[in-house]
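Presented below is the structure to which this report refers.
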Amino acid sequence: MAIPYVFEDDIEHGVCKRLTPLIRRVICNNPGPFTYTGTTTFIVGNGVVAIIDPGPNNISHLDAIIAALDPSEVVSHILVTHTHSDHSPLANALKERTGAKVCGFIELNDTPHTKSQIDTKVAIEDANFVEMEEAIQRDFNPDIPLQHQDVLNGPDWTLEAIHTPGHIDNHLCYLLHEEKTMFTGDHIMGWATSVIVPPDGNMADYMDSLERLLSFDLDLLRPTHGPAIENPKTFINAYITHRQNREEQILGQLAKGTTQIQDMIPLLYADTDKRLYPAAAMSVLAHLEGLVRTGKVVCNSEIKLSSDFQLK
Ligand SMILES: [Zn+2]
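Sequential numbering of the sequence shown, starting at 13, is according to my numbering.
Below is the structure:
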């Protein structure tokens, strides 16, 4: 089944829109091939509120978030889904304006399985070569480090952190129990597939994290970019199938003797915006890394974009 994508192109940047009794949104004016119409900042609760994904360092967006609040409202927590530069950097300025505590995942020392086996330096050189646009905020330092299943409360809201590594290994989704709604960050988006860029992204972890969300009874997914997703289980299953099909296609290319990622991309992503080809190349690299790890594919050198891959 094809992914039942959803789109919402007619949005207004910087304007507060109430979505449900507990959720408001403000969309930042940073549209692009990775961000769709921009970063959606969510305000959760009433009176004492949590803010999810403050966004990039953009002062007009900071002003728009503050303007979206009632003057008597208090921001108790700033929740970050992950440390890509369109999600976390505004947390510090928003903290200065509101006094709220910044919350997010801090990498655990005892989780080596979330680490890609691709050599970091080599992969970063590769990433520069393809001009990746999703930069990482390396100095993120939350007041409240969160781990899987940690819970934060306000007077009318309960948010639970759900660790979902894969897009990046510090990715958290947040479950709003009162509305059976999962804020999915970049883990699941309605308008596109998520980009997996090694070494911070990891395809095997990503697939496990998709499965993880299937275990929840959810009414709605709310990604940080683009509109809400109804029928979460159907959508997540289609996302999983899409990745499995992609892996089959990559194995098919290898079977035909195509050994280089750069030769596979135009064939595998014929319908995709060419601006996303560098990201697509990293996704294929992430798939191949997983296939090498499971022994289906061999690579005679270090695993990087320019390597030769062959079926075992
Ligand atoms: Zn991201």
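No residue lacks a Cβ here, since even glycine has one placed at the ideal position from N, Cα and C.
Any beta carbon of chain C sitting closer than 7 Å to that of residue i?
i     : result
Arg36 : The structure shown contains no chain C, having only a single protein chain.
Given a threshold of 16 other Cβ atoms within 10 Å of its Cβ, counted over all protein chains shown, does residue i qualify as buried or as exposed?
i      : result
Gly197 : buried
Ile277 : buried
His125 : A caution first: His125 carries a pLDDT of 37, below 50, which makes its placement in the model too unreliable to give a value.
His189 : exposed
Val296 : buried
Met13  : exposed
Leu226 : exposed
Gln161 : exposed
Ser313 : exposed
Ser84  : exposed
Val163 : exposed
Arg37  : buried
Ala147 : exposed
Thr246 : exposed
Ala282 : exposed
Asp98  : buried
Asn257 : exposed
Pro210 : buried
Pro244 : buried
Gly269 : exposed
Gly213 : buried
Gly178 : buried
Pro235 : buried
Pro239 : buried
Ala204 : buried
Hey, residue i and residue j: beta-carbon distance below 7 Å or not?
i      : j      : result
Leu317 : Ile273 : yes
Val61  : Gly202 : no
Tyr48  : His237 : yes
Lys192 : Leu233 : no
Glu172 : Leu158 : no
Pro101 : Pro154 : no
Val56  : Ile78  : no
Met215 : Gly302 : yes
Phe117 : Leu184 : yes
Pro45  : Leu280 : no
Ile208 : Ala298 : yes
Ile63  : Val87  : yes
Thr93  : Phe152 : no
Ile23  : Ile39  : yes
Pro66  : Thr52  : no
Please go through the same chain and pick out, in chain order, the residues whose beta-carbon is closer than 8 Å to the beta-carbon of residue i, but skip the five residues on each side of it.
i      : result
Asn41  : His25, Gly26, Gly50, Asn70, Ser72 and His73
Leu266 : Val309, Phe321, Gln322 and Leu323
Asp4   : Residue 4 cannot be examined here, being either before or after the span of the chain that is shown, 13 to 324.
Cys28  : Arg36, Arg37, Val38, Ile55, Ala76, Ala79 and Ala80
Asp168 : Leu34, Gly57, Asn58, Gly59 and Glu190
Ala293 : Val142, Ile273, Gln274, Ile277 and Leu317
Go through its chain and collect everything with a Cβ distance to residue i's Cβ below 6 Å, but skip five positions before and after it.
i      : result
Val310 : Gln322 and Lys324
Cys115 : His89, Leu91, Pro154, Ile156 and Leu158
Pro43  : Thr49 and Gly50
Ser319 : Cys311 and Ser313
Gln261 : Leu280
Thr110 : Val87
Lys133 : Confidence is the limiting factor: at Lys133 the pLDDT is only 41, short of 50, which leaves the residue's position unreliable and the question unanswerable from this model.
Glu259 : His299
Thr176 : His183, Cys185, His199 and Ser221
Looking only at its own chain, which residues have a Cβ that is under 7 Å from the Cβ of residue i, when we skip the five neighbours before and after it?
i      : result
Arg255 : Met219
Asp122 : Low per-residue confidence applies at Asp122: pLDDT is 38, beneath 50, and the placement is therefore not dependable, though the value from the model is reported in the following sentence. For Asp122, where only same-chain residues beyond five positions count, there are no Cβ hits under 7 Å.
Leu222 : Ile248, Tyr251 and Ile252
Lys107 : Ile90 and Val114
Gly166 : Gly57, Val60, Val61, Ala62 and Ser88
Gln149 : Thr95, Ser97, Ser100 and Pro101
Identify every run of the alpha helix (DSSP H) within the region 18–104, keeping only runs that are complete inside it and at least 4 residues long; order them along the chain.
-> 71–80
Residue ranges of each beta strand (DSSP E) run of no fewer than 3 residues wholly in the region 219–299, ordered along the chain?
-> 232–235
With a cut-off of 5 Å, give the chain-ordered residues whose Cβ is closer than this to any heavy atom of ligand 1.
-> His96 and Asp198
Just list the beta strand (DSSP E) runs in the region 155–203, keeping only unbroken ones of 3 residues or longer that don't cross its boundaries, in chain order.
-> 156–158, 163–165, 170–175, 184–188 and 193–197
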